[in-house]
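*Asks:* Shown below is the structure under consideration.
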Amino acid sequence: MAPANQTPESHLLATAAAATTNALAEASTAETRAMLADIGIGLTKAQALAAPKIFQLTHRIGEREVVKLLVLILRAFVDSLRVKEKPDAADLITLADDLARTYTHDSIKDIILALKEARMSGHNFFQALDISTLYKLIADYFEQKARFLEHRHLDQKANGASTQAADVQLLGDAAPRMLESVAQQIPDDHPNAEGLRQKLSITNAKARRGLITPEQAEQQRAEARKATQRKDRPDWKPSPEAQRQMDKRHQQENRKIMDCYRT
Numbered sequence: 012m013a014p015a016n017q018t019p020e021s022h023l024l025a026t027a028a029a030a031t032t033n034a035l036a037e038a039s040t041a042e043t044r045a046m047l048a049d050i051g052i053g054l055t056k057a058q059a060l061a062a063p064k065i066f067q068l069t070h071r072i073g074e075r076e077v078v079k080l081l082v083l084i085l086r087a088f089v090d091s092l093r094v095k096e097k098p099d100a101a102d103l104i105t106l107a108d109d110l111a112r113t114y115t116h117d118s119i120k121d122i123i124l125a126l127k128e129a130r131m132s133g134h135n136f137f138q139a140l141d142i143s144t145l146y147k148l149i150a151d152y153f154e155q156k157a158r159f160l161e162h163r164h165l166d167q168k169a170n171g172a173s174t175q176a177a178d179v180q181l182l183g184d185a186a187p188r189m190l191e192s193v194a195q196q197i198p199d200d201h202p203n204a205e206g207l208r209q210k211l212s213i214t215n216a217k218a219r220r221g222l223i224t225p226e227q228a229e230q231q232r233a234e235a236r237k238a239t240q241r242k243d244r245p246d247w248k249p250s251p252e253a254q255r256q257m258d259k260r261h262q263q264e265n266r267k268i269m270d271c272y273r274t
């Protein structure tokens, strides 16, 4: 069993690091098989997908250590099967090296899950297990994983489209009310702001009590909105040159006044 301060994964890695590649390929122990079984409890493709990738482990601990870890996993799987003919140590080392180079962007947990599913699926090895059969079992798992990822992508895409449609519908329902509320806001600097607000309040109260029809209420609101519009009068504004002259004259007048007060 793994120590209390170690996870099964870290203990498995420490076990692989403490032995030679040949020793790991020759035979497994009950302890390593129990650790692998512990890691495999409840293991799913989604969890294996989220685990560190083989190329990341290679950068972190080195290529040889990753191969040793794969050798340990393969040996434990082979020893868990009751077959007479099994791959030898050289075959397992070669297969582990090939897996490390082929599935660089998949995780060690993918390999563990592939072997677990092969054992639990009731596959009949006919009292013999060779490297080609073992490699096919793992390749079949990754084909299933590719279909799993494709289906998950399609599901996420469909959910995203439905969520977007719901958001658009919600916005479509809320937009008219939002526009109406904004349109009914009376500017504070409007000359008749208070009167227009009172008119809108009376209109809304009548509409709530059914004293006027919705069409009449909308017409009165439209009249109030129209009354709030204050068109710009460019003919009231001086030209830029005239404005500069006016500013200059005002500054001169201000200086004269200040001089008077100083005197």
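Note that our numbering has the sequence shown beginning at 12, numbered continuously upward. We put the beta carbon where it would ideally sit given N, CA and C, even for glycine. On a predicted model such as this, the values are computed, not experimentally measured, just so you know.
For Lys237, verify whether its CB is less than 7 Å away from any heavy atom of the ligand ADP.
*Replies:* In the structure on display, the ligand ADP does not appear, and there are no ligands present to speak of.
*Asks:* Could you spell out where the alpha helix (DSSP H) holding Ala38 opens and where it closes?
*Replies:* Counting along the chain, Ala38 falls outside any alpha helix (DSSP H), and DSSP gives it neither H nor E.
*Asks:* Measure the C-alpha to C-alpha separation of Lys168 and His162 and round it to an integer number of angstroms.
*Replies:* The alpha-carbon atoms of Lys168 and His162 are separated by roughly 10 Å.
*Asks:* Quick test of the definition: if touching needs 3 or more C-beta pairs under 8 Å, does the region 228-238 touch the region 248-266?
*Replies:* The region 228-238 is not in contact with the region 248-266.
*Asks:* Determine the contact status of Leu103 and Leu85, defining contact as a CB-CB distance below 8 Å.
*Replies:* Yes. Within cutoff.
*Asks:* Provide the residue span of the alpha helix (DSSP H) that contains Ile223, from first to last.
*Replies:* Element bounds for Ile223: n/a, residue is neither H nor E.
*Asks:* Would you mind reading off the limits of the alpha helix (DSSP H) that contains Lys79?
*Replies:* Counting along the chain, the alpha helix (DSSP H) containing Lys79 begins and ends at Glu74 to Ser91.
*Asks:* Can you grab the Cα-Cα spacing for the pair Asp117 / Arg158, in whole Å?
*Replies:* Spanning the two alpha carbons is a distance of roughly 15 Å.
*Asks:* For Ile50, tell me which candidate among Asp166, Glu205 and His22 has the shortest Cα-Cα distance.
*Replies:* Nearest of Asp166, Glu205 and His22 to Ile50, Cα basis: His22.
*Asks:* Measuring straight from C-alpha to C-alpha, what distance separates Ala129 and Leu148?
*Replies:* Using only the alpha carbons, I get a separation of about 6 Å.
*Asks:* What are the start and end residues of the alpha helix (DSSP H) that includes Lys120?
*Replies:* Start and end: Ile119 to Met131.
*Asks:* Per DSSP, what are the beta-bridge partners of Lys64 in this structure?
*Replies:* Ser118.
*Asks:* In the DSSP assignment, find the unbroken alpha helix (DSSP H) run with Thr113 in it and report its ends.
*Replies:* Residues Ala100 to Thr113.
*Asks:* With H, G and I counted as helix, E and B as strand and the rest as coil, what does DSSP make of Ala233?
*Replies:* The answer is helix: DSSP assigns Ala233 an H, G or I state.
*Asks:* Using the rule of at least 16 other Cβ atoms within 10 Å of the residue's Cβ for burial, across every protein chain shown, is Pro98 buried or exposed?
*Replies:* The residue in question, Pro98, is buried, as its Cβ has 16 or more Cβ neighbours within 10 Å.
*Asks:* Hey, could you find the ends of the alpha helix (DSSP H) Thr26 is sitting in?
*Replies:* Segment Pro19 to Ala28, the alpha helix (DSSP H) holding Thr26.
*Asks:* With which residues is Ala45 paired in a DSSP beta bridge?
*Replies:* DSSP lists no partner for Ala45.
*Asks:* Since Val78 and Ala107 should fall inside the 8 Å C-beta cutoff, what is the C-beta to C-beta distance between them, to a whole number of angstroms?
*Replies:* 5 Å between Cβ atoms; contact.
*Asks:* Could you give the distance in angstroms between the alpha-carbon of Lys156 and the alpha-carbon of Ile123?
*Replies:* The alpha-carbon atoms of Lys156 and Ile123 are separated by roughly 13 Å.
*Asks:* In whole angstroms, give me the CA-to-CA distance for Met131 and Phe153.
*Replies:* Computed Cα separation, rounded: 16 Å.
*Asks:* Less than 8 Å between the C-beta atoms of Ala111 and Leu47, yes or no?
*Replies:* Going by C-beta atoms, Ala111 is not nearer than 8 Å to Leu47.
*Asks:* With a cut-off of 8 Å on the beta carbons, I'd call Leu83 and Thr43 a contact; round off their distance for me.
*Replies:* Contact holds; Cβ gap of about 6 Å.
*Asks:* Given this structure, state the Cα-to-Cα distance separating Thr144 from Lys120, to the nearest angstrom.
*Replies:* Cα-Cα distance, rounded: 20 Å.
*Asks:* Would you say Ala228 and Ala218 are within 8 Å of each other, going by their C-beta atoms?
*Replies:* Their beta carbons are under 8 Å apart, which means Ala228 touches Ala218 by this criterion.
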